[in-house]
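Taking it in order: structure first as structure tokens, then the write-up.
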Amino acid sequence: MVNVFFKQQEFVIKKRFNDFNGFDIGKNEVLWFELINPTPSELAILSQEYAIHYNADNSQRISSVTKYWEDSSSVTINAFFANQDEGESFHTEMATFILSNNILFTIYYGTLEIFDAIQKKVLASPKKFEDGFDVLTKVFEVYFEKGVECLEWINKQTSLLRKDIIFKKTSCMHDNVLVRLSNLQEFNVALRDSFFDKRRIITALLRSNKVDSDTKNNLNIILKDFSSLVESATINLNSLDNIQNLFASQVNVEQNEIIKLFTVATMAMMPPTLIGTIYGMNFKFMPELEWQYGYLFALIIMAVSTILPVIYFKKKGWL
């Protein structure tokens, strides 16, 4: 599927095509091609009409290494975006941006909500978009805004998680805490990596002679914004690491309490066990066995020998 955004007087118009059937828009009018899950025939037409060469397999293979390259006629960018799903889950999507003759071509597979927001901004404020570089700049701006929202959400969830660990000290919550903590850490790392990704791309664009001075001024501002997001993501990651250490310390304290309980119980039962063992030896000459109250006497000694260690441990502050 192909969404085409083109200038018509003072407005930007959006049209949708399949395999470019019925496409009758002049090249000078086109602002942005958005190709969503493009078919081979759509890519072939694009290559034929606009000299844009894109191979999905090669793009996926090299996108993890090469984020930006340009030749005499075009600029090609591979960027990935971290998208929040329901709750603490997220996914990442890769998108390719090609700038040629001031037209932006975006190619991606799957769903990227960020482009829905960009479409609304392009259609609502057409005067702000003169060429494809303006649309690409808006992509960075919108993703910055999304990044701020995600980092604020992570910060809020981090605070709630810390309170749960401190005030809800139940062993049944341990698995839940670990899952939440792991999800927040992974999402935060994915966001930070995507911010690094955008910084590298913007830095490369600032060195290009294909970008005009006004666009470079806007990109300089956005570059500083992404640098601040990287710092915020690092702070969030440090906070999550502190929570992980706090959680590990709490688990150690709980384990020590359990070990201490069993140690005290073992020490308290040793004297009566010894006494019971002595009277169970069945020697021939044991005067207590002939006493009328010998059995009661043995029980009292065993009880006293159990209570005395407990009292001693309490006085020492071990209980």
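When you number the sequence shown by the working numbering, it's gap-free, plus one each residue, and the end is 320. Using N, Cα and C, we set each Cβ at its ideal position, and we do this for glycine too. Source: prediction; values computed, not measured.
Quiz prompt | Segment contact, 8 Å Cβ cut-off, at least three pairs: the segment 124–144 with the segment 212–224 | solution = By the Cβ rule, the segment 124–144 counts as touching the segment 212–224, because three or more pairs are nearer than 8 Å.
Quiz item: With L182 and I244 assumed to form a contact (beta carbons below 8 Å), what rounded beta-carbon distance in angstroms separates them?
Solution: By one-based count along the sequence shown, residue 182 stands at place 181. By one-based count along the sequence shown, residue 244 stands at place 243. Sure, about 6 Å apart at Cβ, within 8 Å.
Quiz prompt | Cα-Cα separation, S90 to N219 | solution = Position 89 of the sequence shown, counted from the start, is the residue given in the question as residue 90. Position 218 of the sequence shown, counted from the start, is the residue given in the question as residue 219. Between the alpha carbons of S90 and N219 lies a gap of roughly 32 Å.
Quiz item: Cα separation between Y280 and F248?
Solution: Sequence index remark: in the sequence shown, residue 280 carries index 279 (1-based). Sequence index remark: in the sequence shown, residue 248 carries index 247 (1-based). Y280 and F248 have their C-alpha atoms roughly 49 Å apart.
Quiz item: Between N239, F116, L262 and E232, which lies nearest to K6 when the distance is taken from Cα to Cα?
Solution: As a position in the sequence shown, residue 6 is number 5, starting the count at 1. A quick correction: the sequence has Phe, not Lys, at residue 6. Out of N239, F116, L262 and E232, the CA that lies nearest to the CA of F6 is found in F116.
Quiz prompt | First and last residue of the uninterrupted alpha helix (DSSP H) at Y296 | solution = Numbered from its first residue, the sequence shown carries residue 296 at position 295. Membership of Y296 in the alpha helix (DSSP H) is indicated by the continuous run G295 to K317.
Quiz item: Grouping DSSP H, G and I as helix and E and B as strand, with all else coil, what is L113?
Solution: Taking the first residue of the sequence shown as position 1, residue 113 is located at position 112. Coil at L113, not helix or strand.
Self-check item: Beta-bridge partners of F12, as assigned by DSSP
Solution: Sequence index remark: in the sequence shown, residue 12 carries index 11 (1-based). DSSP lists Q9 as partners of F12.
Self-check item: Other residues of its chain near D20: CB distance less than 6 Å, five sequence neighbours each side excluded
Solution: Counted from its first residue, the sequence shown places residue 20 at position 19. Taken in chain order, the residues that qualify are S42 and E43.
Self-check item: Residue-level contact to chain B via CB, F145, 8 Å cutoff
Solution: In summary, chain B is missing from the structure at hand, where a single protein chain is found.
Practice problem: Since I believe I301 is in contact with I276 (beta carbons under 8 Å), could you give me their beta-carbon distance rounded to a whole number of angstroms? | Solution: As a first step, residue 276 is located in the sequence shown; it is residue number 275 there, counting from the start. As a first step, residue 301 is located in the sequence shown; it is residue number 300 there, counting from the start. Their Cβ separation, rounded to whole angstroms, is 10 Å, which puts I276 and I301 out of contact at 8 Å.
Quiz item: By DSSP, does V1 sit in helix, in strand, or in coil?
Solution: Nothing about residue 1 can be read from this structure; the chain reaches only from 2 to 320.
Exercise. Just confirm the distance between the C-beta atoms of L36 and G133, as a whole number of angstroms; I'd bet it's less than 8 Å.
Key: Locating residue 36 in the sequence shown gives position 35, where the first residue counts as 1. Locating residue 133 in the sequence shown gives position 132, where the first residue counts as 1. About 14 Å; that fails the 8 Å criterion.
Quiz item: Is the CB-CB distance between S48 and S75 below 8 Å?
Solution: As a position in the sequence shown, residue 48 is number 47, starting the count at 1. As a position in the sequence shown, residue 75 is number 74, starting the count at 1. Between S48 and S75, the C-beta gap is not smaller than 8 Å, which leaves the two residues out of contact.
Quiz item: On the premise that I119 lies in contact with I53, defined as a C-beta separation below 8 Å, what is that separation, rounded to the nearest angstrom?
Solution: Here residue 53 refers to the residue found at position 52 when the sequence shown is read from its first residue. Here residue 119 refers to the residue found at position 118 when the sequence shown is read from its first residue. Taking a contact as a CB-CB distance under 8 Å, the pair I53 and I119 does not count as one, their CB atoms being some 20 Å apart.
Practice problem: Name the residue from H92, I104, E94 and T93 whose alpha carbon lies nearest to the alpha carbon of T77. | Solution: In the sequence shown, counting from the first residue as 1, residue 77 sits at position 76. When each option's Cα is compared against that of T77, the closest is I104.
Quiz item: From which residue to which residue does the alpha helix (DSSP H) around V231 run?
Solution: Counted from its first residue, the sequence shown places residue 231 at position 230. Annotation for V231: the continuous alpha helix (DSSP H) segment containing it runs S214 to Y280.
Quiz item: With 16 other CB atoms within 10 Å as the buried threshold, where does L179 fall?
Solution: Indexing the sequence shown from 1 puts residue 179 at position 178. Within a 10 Å sphere around the beta-carbon of L179 sit fewer than 16 other beta-carbons, which makes this residue exposed.
Self-check item: Cβ pair I108, T93 closer than 8 Å
Solution: Position 107 of the sequence shown, counted from the start, is the residue given in the question as residue 108. Position 92 of the sequence shown, counted from the start, is the residue given in the question as residue 93. Not a contact, by the Cβ cut-off of 8 Å.
Quiz item: In chain order, what residues of the same chain have a beta carbon less than 6 Å from the beta carbon of L238, not counting five sequence neighbours either side?
Solution: As a first step, residue 238 must be located in the sequence shown, where it is residue number 237. Within the same chain, L238 has close Cβ partners N189.
Self-check item: Cβ-based burial, N246 [other Cβ within 10 Å; buried from 16]
Solution: In the sequence shown, residue 246 corresponds to position 245, counting from 1. Label assigned to N246: exposed.
Self-check item: Identity of the residue in K164, F81, V311 and C151 nearest L113 by Cα
Solution: Within the sequence shown, numbered from 1, the residue matching residue 113 stands at position 112. Sorting K164, F81, V311 and C151 by C-alpha distance to the C-alpha of L113 places F81 at the top.
Exercise. Find out if the Cβ-Cβ distance for the pair L230, F196 is shorter than 8 Å.
Key: For this step, residue 230 is matched to residue 229 along the sequence shown. For this step, residue 196 is matched to residue 195 along the sequence shown. Cβ atoms of L230 and F196: closer than 8 Å.
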